[in-house]
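*Asks:* Residue numbers (our numbering): 5 to 431.
All C-beta atoms, glycine included, are put in the ideal place defined by N, C-alpha and C.
Pasting a structure here, questions to come.
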Amino acid sequence: MKFFAKQLNFFYGYIIVVVLWFVYFFNVSIPLYGGGVLNSMMVSATGMDPAIIGYATSLCTIMQGVAGPFVGMLIQKKGIRLPFILGSVFLVIGSLLIIFSTKNEISYVVFYGILIGLGMGFGGILTSQSAVNDWFNQKKAFAMALLLSAGGVGGFIAPILLNSVTSNGSWMNGWILTACLCTLSVILSVFFIISKPADIDDIPDGKKASTGTSKKGPSASLCSDANYGMPLKLVYRSSAFYGILITYVTRNALYYAITGQLIIYLVGSGVSPTAAAFSISIFSASSLIGRFITGFISGTILKPRTCTAGCNILMGIGMLLINAMPSASAIYFCTALMGLGLGAGFVGMPLCISHFFGSNNFSIINGTISPINYIIGASGPLLVSILATYTGSYGVAFSILSVIAIFGGIVLLRIKQPDYRPEKNFQ
């Protein structure tokens, strides 16, 4: 494949983005969004305690975060290809074990919570973001948006696809499809993924890209060079690192609460179940739009930090407006606002990390943030449940979480750009 890639008259990074779009769709969208369909069918068919599904889902989320540091180190040493292969293999094995070896509830928690979680952790968002970071520099924002659009598209297609596959059969058919698609991810990873442009004697954005001039705009910074990387000991001492971390976890705490409990809140407040469910569809659709808008404007019209902070602020404001309990049409507007913010955050956050600290240590930094983000972020639904029980109102609980998210966005706007010049290190 390396020989073939060298003969192309265009930049191989474009092929990487297309291939990884499908790998991301198969490895993340199918088990994440389609898994909810399969889990509900398993409860009906096997009599499994619904609480067990909750435990397995929580463990799956935690394992994605726990995998982060290991994935970051593996990418740093071996490149992106091996993590994608390992993640896809974990998903295939986990799917097959769920089909043929689920003897009791504990075995299901292990197979789904650990193996599927590790599969998404190794072959999912962290490795995909690192791939774009390694292959693109000037065109990084749009490439990131294009690749991560697989998640937004998957939010629509995966549940429909899995529901169709299992409608005339059993839940096993859905996991068989998942195993087949993740096997295809293994094949794509083995034969088409090349870890870095240097492996085929190329550079980020391609040799034909204009690299001799630098833009004088929002993206111009000390850290925009693809070959630059702030030393990790300085990264972890900087206020920027902790500002990014605060923004990340406060956003995801609200995000997980919205996806897990917004429908319950709306229905309990008098909104029809149909309108409440449709609001989540709007949330997913506008998230996709938010990713592309951020891909176009981040680094050209707005700085990555502004796009990322805006994510938290838009999500928080949208949720606060919903608490006023307007009409269904107004709720759709609010969920669209939140979705735009979510999409902006998905693209803006990795760009912000690269913009602040450079590209060389991106996978390590992102991998360090990952477990903290997943574990604390996943506490959002728990916090909402506790606050709702204590106050007797989901509205109060969501309001508090919304204010916290807005605070996280303001923190990112206020932190200082790291002032580190590579040449100082060599004088």
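Among GLY381, VAL113, TYR259 and THR298, which one has its Cα closest to the Cα of THR312?
*Replies:* Ranking the options by Cα distance to THR312, first place goes to THR298.
*Asks:* Considering only residues of the same chain and omitting the five flanking positions on each side of LEU346, which have a CB-CB separation below 7 Å?
*Replies:* Taken in chain order, the residues that qualify are TYR259, SER291, GLY294, CYS315 and MET319.
*Asks:* Look at the Cβ atom of ILE20, then the Cβ atom of TRP179, and state whether they are nearer than 9 Å.
*Replies:* Contact flag unset, no.
*Asks:* Determine the DSSP secondary structure at LEU12, reduced to helix, strand or coil.
*Replies:* Reduced to three states, the DSSP call for LEU12 is coil.
*Asks:* Could you pull the DSSP bridge partners for LEU306 from this structure?
*Replies:* DSSP, once it has assigned bridges, lists SER302 as partnering LEU306.
*Asks:* Please report how far the alpha carbon of SER134 lies from the alpha carbon of ILE321, in whole angstroms.
*Replies:* Between SER134 and ILE321, the C-alpha separation is close to 31 Å.
*Asks:* Quick one, which of PHE15, VAL93, TYR394 and ASP423 has its alpha-carbon nearest GLY210's?
*Replies:* When each option's Cα is compared against that of GLY210, the closest is PHE15.
*Asks:* Can you give the beta carbon distance from GLY83 to LYS212, rounded, assuming they're within the 8 Å contact cut?
*Replies:* In fact, because the Cβ distance is near 23 Å, the residues do not count as touching under 8 Å.
*Asks:* Apart from the five residues just before and just after PHE146, which ones in its own chain have a Cβ nearer than 7 Å to its Cβ?
*Replies:* Around PHE146: GLY299 and PHE300.
*Asks:* Under three-state DSSP, which class holds GLY362?
*Replies:* GLY362: strand per DSSP, three-state reduction.
*Asks:* Comparing alpha-carbon positions, which option in LYS143, LEU130, PHE115 and ILE410 lies nearest GLY17?
*Replies:* Nearest option by C-alpha distance: LYS143.
*Asks:* So, with DSSP's three-state summary, where would you put GLY233?
*Replies:* GLY233 falls in the strand class under three-state DSSP.
*Asks:* Where does the unbroken alpha helix (DSSP H) through ILE250 begin, and where does it stop?
*Replies:* Counting along the chain, the alpha helix (DSSP H) containing ILE250 begins and ends at 243-272.
*Asks:* Where does the unbroken alpha helix (DSSP H) through SER132 begin, and where does it stop?
*Replies:* Taken as a continuous stretch (DSSP letters only), the alpha helix (DSSP H) holding SER132 covers 129-139.
*Asks:* Can you grab the Cα-Cα spacing for the pair ASP206 / ASN13, in whole Å?
*Replies:* Roughly 12 Å separates the two Cα atoms.
*Asks:* With H, G and I counted as helix, E and B as strand and the rest as coil, what does DSSP make of GLN421?
*Replies:* In the structure shown, GLN421 sits in coil (DSSP, three-state: anything other than H, G, I, E or B).
*Asks:* Would you mind reading off the limits of the alpha helix (DSSP H) that contains MET124?
*Replies:* Per DSSP, MET124 belongs to the alpha helix (DSSP H) from 121-126.
*Asks:* Looking at ASN370: is its Cβ nearer than 9 Å to the Cβ of LEU130?
*Replies:* Yes.
*Asks:* The alpha helix (DSSP H) spanning MET67 covers which residue range?
*Replies:* 54-82 is the extent of the alpha helix (DSSP H) around MET67.
*Asks:* How about MET353 and ILE248: are their beta carbons less than 9 Å apart?
*Replies:* Yes, Cβ-Cβ distance for MET353 and ILE248 is below 9 Å.
*Asks:* Would you check if there are 3 or more beta carbon pairs closer than 8 Å linking the segment 46-65 to the segment 86-101?
*Replies:* The answer is no - the segment 86-101 does not touch the segment 46-65, with fewer than three Cβ pairs under 8 Å.
*Asks:* Does VAL23 pass the burial test, meaning 16 or more other C-beta atoms within 10 Å, or should it be called exposed?
*Replies:* Burial call: buried.
*Asks:* Can you tell which of ALA289, VAL415, LYS307 and PHE245 has its C-alpha closest to the C-alpha of THR435?
*Replies:* Summary: the structure shown does not reach residue 435, with the chain confined to residues 5 through 431, and so no result is reported for it.
*Asks:* For TYR28, tell me which candidate among PRO163, GLY349, PHE360 and VAL157 has the shortest Cα-Cα distance.
*Replies:* The shortest C-alpha separation from TYR28 is found at VAL157.
*Asks:* MET45 to LEU270, Cα distance in whole Å?
*Replies:* One C-alpha to the other measures close to 24 Å.
*Asks:* Once you ignore the five residues that flank SER2 on each side, which residues in its own chain have a CB closer than 6 Å to its CB?
*Replies:* Residue 2 falls outside the range modelled here, since the chain spans only 5 to 431, and no answer is possible.
*Asks:* My understanding is that TYR36 touches LEU166, with C-beta atoms under 8 Å, so please give their C-beta distance in whole angstroms.
*Replies:* Here the sequence assigns Leu to residue 36, which means Tyr is not the residue at that position. In fact, because the Cβ distance is near 11 Å, the residues do not count as touching under 8 Å.
*Asks:* Leaving out five residues on either side along the sequence, give the residues of the same chain with a beta carbon under 7 Å from the beta carbon of ILE97.
*Replies:* Cβ neighbours of ILE97 beyond the five flanking positions: LEU119.
*Asks:* Quick one, are the C-beta atoms of LEU405 and ALA257 less than 9 Å apart?
*Replies:* Contact flag set, yes.
*Asks:* Less than 6 Å between C-beta atoms, sequence neighbours within five positions excluded: which residues of the same chain meet that for GLN421?
*Replies:* No residues qualify anywhere along the chain.
*Asks:* Taking the CB atoms as reference points, tell me whether PHE287 and GLY349 lie closer together than 9 Å.
*Replies:* No.
*Asks:* To the nearest angstrom, how far is the alpha carbon of VAL190 from that of THR263?
*Replies:* About 30 Å.
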